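The structure appears right after this line, and notes come after that.
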Amino acid sequence: MINENSESAETVKKVYIKTYGCQMNEYDTDKMLEVLRHENYSQTDCQDDADLIILNTCSIREKAENKVYSELGRLRHLKSANPDLKIGVGGCVAQQEGKSILNRAKNVDFVFGTDNLFELPEMLKMVGKGQKFSRTERHSRQKVRNFIPDYTFRQAQNFGVKAHLAITKGCNNHCSFCVVPFTRGVEVSREPEHIIVEAKRLVSTGTKEICLLGQNVNSYKANGTDFVELLRRLDKLENLKRLRFISPHPKDFHAELADAFVTLPSLCEQMHLPLQSGSDRILRRMRRWYSMETFYEKVDLLRDRLPDATLSTDLIVGFPGETEEEFEMTMEAVKNVRFDLIYSFKYSPRPGTRAAEYPEQLSEKVKAERLKVLLETQEKIIREKNEALVGTIQEVLIEGNHQRKENSVTGRTRGNHSVSIKNCGEKAGELLAVRITGANPSSLAAEPFAASPFSG
Ligand code: SAH
Ligand code: SF4
Ligand code: F3S
60 MINENSESAE TVKKVYIKTY GCQMNEYDTD KMLEVLRHEN YSQTDCQDDA
110 DLIILNTCSI REKAENKVYS ELGRLRHLKS ANPDLKIGVG GCVAQQEGKS
160 ILNRAKNVDF VFGTDNLFEL PEMLKMVGKG QKFSRTERHS RQKVRNFIPD
210 YTFRQAQNFG VKAHLAITKG CNNHCSFCVV PFTRGVEVSR EPEHIIVEAK
260 RLVSTGTKEI CLLGQNVNSY KANGTDFVEL LRRLDKLENL KRLRFISPHP
310 KDFHAELADA FVTLPSLCEQ MHLPLQSGSD RILRRMRRWY SMETFYEKVD
360 LLRDRLPDAT LSTDLIVGFP GETEEEFEMT MEAVKNVRFD LIYSFKYSPR
410 PGTRAAEYPE QLSEKVKAER LKVLLETQEK IIREKNEALV GTIQEVLIEG
460 NHQRKENSVT GRTRGNHSVS IKNCGEKAGE LLAVRITGAN PSSLAAEPFA
510 ASPFSG
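Okay, so the sequence shown: first residue is 60 according to this note's numbering, each after it adds one.
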């Protein structure tokens, strides 16, 4: 007998998730989708179709946080058109703001923190009963350690040619400008066995490249396995072609890890090493625990072994009290190191952080001017460095057809440069030797190189 008031077990609902912020949030979104698939939800790209909308938020800078509230404003009309629509807010803003989001945005049904995403099934039941709530309790270290429940591993699914894999959660560093230790909690390393199981599952569904994630990824340590040991274990996985990691902290980058770039075939010759500032005084006030001298030593550790390794960084301009001379020191560092890519940001005061309380906050104008100078110099360096790659032979992992160019595919080199390749029959997931034929600041052009030693 069919009860017309109850939904059949087969009813598939639609969920739309919008993700802000870093790779960790993208990873969490994928996990939410896995949990929701288990609850009979399918993903939609169209907000208008959705029964459930989740915003997975970022609070790293004020701009990121403001975007969330603007989006919630825009969603108001959808809720009036469909009163059954449920709206949830997760991620870093949710963890920090909790209940106040419910007060500020009346159309939100529930708010959940960064430890709570695996409780979505239970939360959705509560929402179904018309409850409004915020759930941001932190879990025990042990629970976080096993933070991905077993059942999410059992569903067959394709994760794509490249996938992320979180190995730590949280951060203990408390850099004075950063909200992450508040939004993600203390650092916890996952069990190595769980990481290996997850990596094997990715590889078995066709993933060729894994990027390990952690806020301070190279401080990983669990059950006697440290970061380099974990890399060694992952490198042994058959059919895993490429391994990367993000973000290592300079203070935990040492000779043994630098050696791993040479000894582990899958570990790509590319590293992101966030510098933040070129001034020792500012680095101390940022609580970064290294000086410029030690940062240069770390760069040499990598370049002594691999002179052509790609090196990228993060920089903040206009940190409280940063003088013109101190900004110049950052520019000096940029010119000396010649990074291949820089993510540069105007300092943004964040609630709860020490630096937000520092009295010498700089004006928006000064920050914007410094950012402009930095970007101009950096663009010139990147242009020169990319042009120097023209004529070289590179191994590219094909990611798929080019979205705008006919008869072309896109992929990345081991150094993580984006490449578009003309007249190429290769498919996503294949490795191909190419000759670089052109360069611009954001990507390279290439053609297949005959007798590819990498294919097959
Ligand atoms: N765990 C990573 C950083 C994650 S946040 C690491 O330590 O490298 C990414 C970048 O955002 C940081 O490296 C920093 O450059 C920038 N950032 C963080 N907080 C900021 C703030 N309050 N204002 C401006 N930029 C910030
Ligand atoms: Fe933030 Fe510093 Fe931790 Fe990176 S290392 S997440 S910048 S506190
Ligand atoms: Fe943003 Fe949270 Fe990542 S604040 S940068 S989404 S850890």
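Note that beta-carbon positions come from the ideal geometry of N, C-alpha and C, so glycine has one too. All values reported here derive from a predicted model rather than from experimental measurement.
Residue range 369-376 is occupied by the beta strand (DSSP E) that includes LEU374, with no alpha helix (DSSP H) assigned at that position. ILE480: not part of any alpha helix (DSSP H); member of the beta strand (DSSP E) spanning 477-481, first to last residue. Across the structure, PHE171 and TYR128 are spaced so that their CA atoms are roughly 16 Å apart. The segment 244-254 makes contact with the segment 217-230: 3 or more CB pairs, one atom from each, lie closer than 8 Å. Taking non-hydrogen atoms of the ligand SAH into account, the C-beta of PHE236 is found less than 7 Å away from one of them. Going by DSSP, GLN335 is part of no beta strand (DSSP E) at all; its letter is neither H nor E. The beta carbon of GLN437 sits closer than 8 Å to those of VAL393, PHE398, ILE401, SER403, all from its chain and outside the five residues before and after it, given in chain order. In this structure, the straight-line span from the alpha carbon of LYS158 to that of GLU196 is close to 12 Å. Note on GLY450: under 16 other CB atoms within 10 angstroms of its CB, so exposed under the neighbour-count rule. Secondary structure note for TYR402: its beta strand (DSSP E) is the uninterrupted segment 400-405.
Looking at the DSSP output, ALA222 bridges to ILE269. Placement of the Cβ of VAL148 at a distance of 7 Å or more from every heavy atom of the ligand F3S is found. When the beta-carbon positions are compared, CYS237 and ARG473 stay at least 8 Å from each other.
In this structure, the ligand SAH has a non-hydrogen atom nearer than 7 Å to the beta-carbon of HIS308.
Proximity to PRO309 across ASN275, ASN460, MET185, SER325 peaks at ASN275, based on C-alpha coordinates. Per DSSP, the beta bridge partners of ASN460 are VAL468. In the three-state DSSP reduction, ASN115 falls in the strand class (E or B).
Spanning the alpha carbons of GLY265 and MET390 requires a straight line of approximately 42 Å. Inter-segment contact for the segment 113-126 and the segment 80-94 is present: three or more beta-carbon pairs are separated by less than 8 Å. Collapsing the DSSP output to three states places ARG194 in a strand. Per DSSP, TYR79 lies in no beta strand (DSSP E) segment and is marked neither H nor E. A check of alpha carbon separations from VAL220 across ILE305, THR369, GLY470, GLY150 identifies GLY470 as the nearest. Judged by DSSP in its simplified three-state form, PRO507 adopts strand. When only Cα atoms are considered, LEU299 and GLU458 end up about 15 Å apart. Secondary structure note for GLN155: its alpha helix (DSSP H) is the uninterrupted segment 150-156.
Its Cα nearest to that of ALA164, the residue VAL148 stands out among ASP174, VAL148, LEU176, LEU179.
DSSP places SER325 outside any beta strand (DSSP E), giving it a letter other than H or E. Contact check for LEU293 against LEU302 passes: the beta carbons are separated by less than 8 Å.
By the Cβ criterion, the segment 326-343 is in contact with the segment 365-382, since at least three pairs of Cβ atoms, one from each stretch, lie closer than 8 Å. At a threshold of 7 Å, HIS233 counts as near the ligand SF4, since its beta carbon sits closer than that to one of the ligand's heavy atoms. Judged by pairs of C-beta atoms under 8 Å, the segment 307-324 touches the segment 354-365, as three or more such pairs exist.
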